[in-house]
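>
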Amino acid sequence: MGGSLGTILPLILMFVLFYFLLIRPQQKRQKAISKMQNELAKGDKVITIGGLHGIIDAIEEGKVVILCGDGSRLTYDRNAIREVISAEVV
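Quick note: to get the numbering used here, add 55 to the position in the sequence shown (first position is 1).
1) Would you mind listing the beta strand (DSSP E) stretches within the stretch 71-103 that are 3+ residues and don't spill past its ends, in chain order?
2) Around the Cβ of I121, are there at least 16 other Cβ atoms within 10 angstroms (buried) or fewer (exposed)?
3) State buried or exposed for I136, treating a residue as buried only when at least 16 other CB atoms are found within 10 Å of its CB.
4) Would you mind stating whether D112 and I140 have Cβ atoms separated by less than 9 Å?
5) Go ahead and label Y131 buried or exposed: buried means 16 or more other beta carbons lie within 10 angstroms of its beta carbon, across all protein chains shown.
6) Between F73 and I63, what straight-line distance do the alpha-carbon atoms span, to the nearest angstrom?
7) Measuring straight from C-alpha to C-alpha, what distance separates K118 and Q81?
8) Of the residues I78, I114 and I67, which one's Cα is nearest the Cα of E94?
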């Protein structure tokens, strides 16, 4: 009986370590990205997951229109925004 606990305990400890070192930080990161994408606003300077830098020109349901440096407007899914460089200062 005591021997089986000795073999299961390291397995349980490994799972707990795995949870706190990998799963929990990933959940926090995903929550932060989701929050950032939901708070996008017109005028925000952003970078897409493809590396495109631009300014948000319009926001629709699940899409954003990004104004590029040459004046062209590109439509991306909201999920394609990797980070906001700077928010619009009004």
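Think of the CB as a built atom: it goes at the ideal place given N, C-alpha and C, for glycine as much as any other residue.
From the atom records:
1) Runs found: 100-103.
2) I121 comes out buried.
3) Buried, because 16 or more other Cβ atoms sit within 10 Å of the Cβ of I136.
4) Cβ distance not < 9 Å, so D112 and I140 don't count as in contact.
5) Buried is the call here.
6) F73 and I63 have their alpha carbons spaced roughly 15 Å apart.
7) It is roughly 25 Å from the alpha-carbon of K118 to the alpha-carbon of Q81.
8) Of I78, I114 and I67, the residue nearest in Cα terms is I114.
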